[in-house]
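Presented below is the structure to which this report refers.
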Amino acid sequence: MKAVGLAVLITLGCVLLPLAAQQKSGGNEKGPALEKQLWGIEQQWLQSEHDKKMDFLRDLWTDQFFDLLPGGRHVTKDEMLDLLSKGNSKPGTGAFPDNFKLQAVYGNVALATDHTVIKSLDTNGQLVSREISALRMFVRENGKWKVAGAALVPIGQ
Numbered sequence: 005m006k007a008v009g010l011a012v013l014i015t016l017g018c019v020l021l022p023l024a025a026q027q028k029s030g031g032n033e034k035g036p037a038l039e040k041q042l043w044g045i046e047q048q049w050l051q052s053e054h055d056k057k058m059d060f061l062r063d064l065w066t067d068q069f070f071d072l073l074p075g076g077r078h079v080t081k082d083e084m085l086d087l088l089s090k091g092n093s094k095p096g097t098g099a100f101p102d103n104f105k106l107q108a109v110y111g112n113v114a115l116a117t118d119h120t121v122i123k124s125l126d127t128n129g130q131l132v133s134r135e136i137s138a139l140r141m142f143v144r145e146n147g148k149w150k151v152a153g154a155a156l157v158p159i160g161q
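Quick note on my numbering: the sequence shown kicks off at 5 and runs consecutively.
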């Protein structure tokens with residue numbers, strides 16, 4: 005009788021464990037292909053901010069887009085578009101991310117981190133840099149990945 009019970013447990017384990025593994029990974033695209041796709045979206049996002057491609061950003065960002073800027077300031081999509089439109093981008097300035105890592109995918113939500121160097125001009129016209137760690141948030145809407153926002157944390161300041 006114990007042997008039959010053990011056989012049933014082993015059989016159930018052999019059947020249920022693969023099913024559980026499939027359930028856990030079902031719909032979870034976390035992997036190199038999605039990481040590469042989101043990295044490309046981030047590159048377009050930040051270049052478009054620098055180049056003031058407002059129509060592209062308006063489409064790329066979700067309606068609920070927000071940024072948490074260094075210092076804790078929260079800005080909405082409309083506020084960010086307004087800030088960018090008033091900025092005066094110069095060659096060599098902008099956001100330069102690297103070390104992009106897809107950290108998690110929860111259905112239609114993807115979270116990634118990166119290291120970004122932000123270069124700007126000081127009051128004397130000299131190029132200054134500051135480093136941040138960024139949490140980048142993406143949402144898949146109607147089958148298309150869009151940017152939901154970012155949280156920017158200064159490094160060593």
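Note that beta-carbon positions come from the ideal geometry of N, C-alpha and C, so glycine has one too.
Between F60 and the set N103, V151, V157, N146, the nearest pair of CA atoms involves V151. Here I45 carries a helix assignment [DSSP, helix/strand/coil]. In this structure, DSSP gives D126 a state outside helix and strand, which the three-state scheme calls coil.
By the neighbour-count criterion, in which 16 or more other beta carbons inside 10 Å mark a residue as buried, L42 falls on the buried side. Counting along the chain, K90 sits inside no beta strand (DSSP E); it lies in the alpha helix (DSSP H) bounded by residues 81-90. The closest CA to that of E46, considering only T127, T120, G91, G96, is found on T120. P101 places its beta carbon less than 8 Å from that of A138. Looking at F142, G153, G160, N92, the one whose alpha-carbon comes closest to that of A108 is F142. For K40, the three-state secondary structure derived from DSSP is helix.
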